[in-house]
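Residue numbers (this note's numbering): 102 to 213.
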């Protein structure tokens, strides 16, 4: 496991080594060494929206701290909460992360 953190609502979110290596770094190598920035996007987002395509997912956004040419945009972290219910607390798994200029049209704001 790369990390386990709590989101704004106290829900546990995990990022597995396999997801990080096979899905994120293989497609977006510029995120290498930026695991903490991804975690910070979940724990202290600028805003959170409901995913327009997948009802079990929420998208966390935060300004990118990455250097040029990746500065001036947002980090978007997609978390899936399906199938992560436990007797202790609900939680989610990070699905992907990427850079974007803004939220996707139709995404409904959850917070703030």
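Positions of the beta carbon are idealized from the N, C-alpha and C atoms, including for glycine.
The closest CA to that of residue 198, considering only 212, 117, 111, is found on 117.
As the crow flies, the alpha-carbon of residue 112 is around 18 Å from that of residue 210. In this structure, the straight-line span from the alpha carbon of residue 127 to that of residue 193 is close to 22 Å. Shown here, residue 120 sits in a helix according to DSSP, grouped into three states. Taking the CA atoms as reference points, residue 208 sits about 6 Å from residue 151. Residue 153 carries a coil assignment under DSSP once its states are collapsed to helix, strand and coil. Residue 200 places its beta carbon less than 8 Å from that of residue 174. A direct Cα-Cα distance of roughly 19 Å separates residue 123 from residue 138.
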